Amino acid sequence: MIDIKNIKFNLPNGLKIIKGIDFHVKSGDFIVLLGGNGSGKSTLIKLINRHYLPTEGAVKIDGKNINKYSRSEYEISVITLTQFVRDSLFFDLTIAENAIMVETAYNPMLRKNFKKKIFLAELKIYLGNFNDKLATALNEPLYNLSGGEQQILAFALYLKHQPKLLLLDEHTSALDPKTAAKVMDFTNKIIQEKKLTCIMTTHNLDFALEYGNRVMALNAGRVVYDSEVTPEGRGERAFLLEKCY
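In structure tokens, the structure reads:
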């Protein structure tokens, strides 16, 4: 489904951040990408979601170079969620207002024939599948929600329409450990139910070994570890991954 072909990325001063990364992602893969600060994992995510342009190499989805997709087509096909919910949602707007903005971005024709009462009734039922509070607080501004609730809302709104690829860039790192664990359980549940193709970056070794079907590790801009995860091999993999830092 996704081909990363010898991707390299240099800063304008010539500093090499990504030094040649080459791998294939199958449809339905849940890849957990490990690496310390400066390893290049967040830069790799930004190359895949077109935030950065590679110095060399290419990223292809379904055999098509990502630069050939229109902006609107690509933003719908590839969803990125980070620890900064403000990158995805508007904190001064209500849950309902955010939902309307996201929905009309996916379906511009909805603006011409928008039936608010029907939409809000359906939204309440939809959000109830994710979190009871979200479903009963449609008029609540986002700044009144907890960090975990904000992340779950972003998931619910952006994954309502099946993307080709979900990119999660340390999306739990701003949460306390208990909330992060709950959001990670929720994340895995949604990915499995919707059979999403996902690449997730994290510093959390436990998350890397507990979730996903494949673990990769970056160090100094290169892939230094890449293996499928099986219950029988978790102990050995933990040892190997720790050596990657």
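Here the sequence shown is numbered in the numbering used here, starting from 735 and rising by one per residue.
All C-beta atoms in this analysis are idealised placements derived from N, C-alpha and C, irrespective of residue type, glycine included.
These numbers come from a predicted model, not from an experiment.
Using beta-carbon positions only, say whether residue i and residue j come within less than 7 Å of one another.
i, j, result
"Ala-888", "Leu-823", "yes"
"Leu-901", "Ile-933", "yes"
"Gly-946", "Phe-764", "yes"
"Thr-828", "Asn-873", "yes"
"Leu-879", "Ala-869", "no"
"Leu-899", "Phe-825", "no"
"Thr-777", "Phe-743", "yes"
"Leu-749", "Val-836", "no"
"Asp-866", "Lys-794", "no"
"Ile-779", "Asp-903", "yes"
Since residue i is in the beta strand (DSSP E), which residue starts that stretch and which ends it?
i, result
"Phe-764", "764 to 768"
"Met-918", "That residue, Met-918, is in no beta strand (DSSP E); its alpha helix (DSSP H) goes 911 to 928."
"Glu-962", "956 to 962"
"Thr-936", "932 to 936"
"Ala-951", "948 to 953"
"Gly-772", "Segment: none, Gly-772 is in no beta strand (DSSP E) and carries neither H nor E."
"Lys-739", "736 to 744"
"Leu-899", "899 to 903"
"Gly-754", "750 to 759"
Give the range of the alpha helix (DSSP H) segment to which residue i is assigned.
i, result
"Gly-881", "881 to 892"
"Phe-853", "850 to 862"
"Leu-868", "866 to 870"
"Lys-775", "775 to 782"
"Ala-942", "939 to 944"
My assumption, with CB atoms under 8 Å, is that residue i sits in contact with residue j. Please give the rounded CB distance.
i, j, result
"Phe-941", "Val-766", "7 Å"
"Ile-886", "Phe-920", "6 Å"
"Ile-741", "Leu-781", "6 Å"
"Gly-774", "Leu-952", "5 Å"
"His-905", "Leu-815", "5 Å"
"Leu-939", "Val-963", "Not quite, the Cβ-Cβ distance comes to about 12 Å (not below 8 Å), so this is no contact."
State the Cα-Cα distance for the pair residue i and residue j, rounded to the nearest angstrom.
i, j, result
"Pro-788", "Pro-746", "12 Å"
"Val-958", "Thr-936", "16 Å"
"His-758", "Glu-927", "23 Å"
"Ala-855", "Lys-760", "37 Å"
"Leu-857", "Tyr-803", "30 Å"
"Gly-772", "Ile-752", "10 Å"
"Ala-792", "Asn-799", "7 Å"
"Val-917", "Gly-882", "6 Å"
"Gly-754", "Ala-914", "32 Å"
"Ser-961", "Pro-911", "26 Å"
"Arg-805", "Arg-820", "21 Å"
"Pro-842", "Phe-848", "10 Å"
"Gly-797", "Ala-830", "37 Å"
"Thr-931", "Ile-925", "8 Å"
"Val-949", "Lys-850", "43 Å"
"Asp-756", "Pro-897", "23 Å"
"Tyr-840", "Lys-929", "20 Å"
"Asn-832", "Asn-801", "28 Å"
"Tyr-884", "Leu-844", "For the sequence presented, residue 884 should be read as Gln rather than Tyr. C-alpha separation (whole angstroms): 25 Å."
"Lys-846", "Glu-807", "20 Å"
"Lys-739", "Lys-923", "30 Å"
"Ile-859", "His-785", "34 Å"
"Ile-834", "Ala-871", "15 Å"
"Glu-790", "Thr-838", "35 Å"
Legend entry - In chain order, each beta strand (DSSP E) run of at least 3 residues that lies wholly inside the segment 785 to 840: 790 to 795, 812 to 816
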